[in-house]
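Below: one structure, written as structure tokens.
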Amino acid sequence: MNRKYRLIITVKEIQGRCPVFKLGDKITVESPKIIPEETDAVCIHALGSMLTMLVALSRGISFKTLGLAREEGNEGYVQCLDPGSPYTDGGTVLFEIKRVPIDSPER
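Here the sequence shown is numbered in the numbering used here, starting from 108 and rising by one per residue.
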């Protein structure tokens, strides 16, 4: 049986204005669900940019293989789809995704 992982997604940078997130906000995922008690906010634009990768990451596919990191490790990065100024009134958000084994004491 393959090891399963909890994903902790953290807002690392905001360029422009984001009406949903602030720095440090988190989304916690234990596939197939978002854990609401450990999630500060959810934005459909941000979720859309990472949704296709969350199941693969939660099952151990490497961040490097998915093009989300330069080196092997337990974190990678994705960016919100909103391009921000001058194209929209919003801004773009950079997220760090960390992977923690489900059976880890960090839970």
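C-beta: ideal position from N, C-alpha, C; glycine also.
Work out the CA separation of residue j and residue i for me, nearest whole Å.
i    : j    : result
P193 : L161 : 30 Å
F171 : N181 : For clarity, residue 171 is Lys in the given sequence; the question names Phe instead. So the alpha carbons of these two residues sit roughly 10 Å apart.
R110 : G191 : 38 Å
K140 : S165 : 11 Å
I209 : K133 : 17 Å
L215 : G174 : Coverage of the chain is limited to positions 108 through 214, which leaves residue 215 absent and any answer about it impossible.
Y184 : E144 : 23 Å
E179 : L158 : 21 Å
A163 : A148 : 22 Å
Using only alpha-carbon positions, find the residue among the options that is nearest to residue i.
i    : options                : result
G123 : P208, T195, I134       : T195
D189 : S156, A148, P143       : S156
C187 : C125, R113, Y112       : C125
T199 : H152, E137, P139       : H152
T146 : L158, G131, L201       : G131
I121 : I204, I209, G197, K205 : G197
I142 : E178, I168, I204, R113 : R113
S169 : I204, K133, V149       : I204
Return the bridge partner residues of residue i from the DSSP annotation.
i    : result
K205 : I115, E182
G198 : G123
Assuming residue i and residue j are in contact, meaning their beta carbons sit under 8 Å apart, how far apart are those beta carbons, in whole angstroms?
i    : j    : result
V207 : I116 : That belief does not hold up - the Cβ atoms of V207 and I116 are roughly 12 Å apart, past 8 Å.
V303 : F128 : Here the chain has residues from 108 to 214 only, and residue 303 is not among them.
(message) Which runs of the beta strand (DSSP E) at least 3 residues long sit entirely within the segment 125 to 195? Give them in chain order.
(response) Entirely contained in the segment 125 to 195, the beta strand (DSSP E) runs reaching 3 residues are, in chain order, 133 to 137, 182 to 186.
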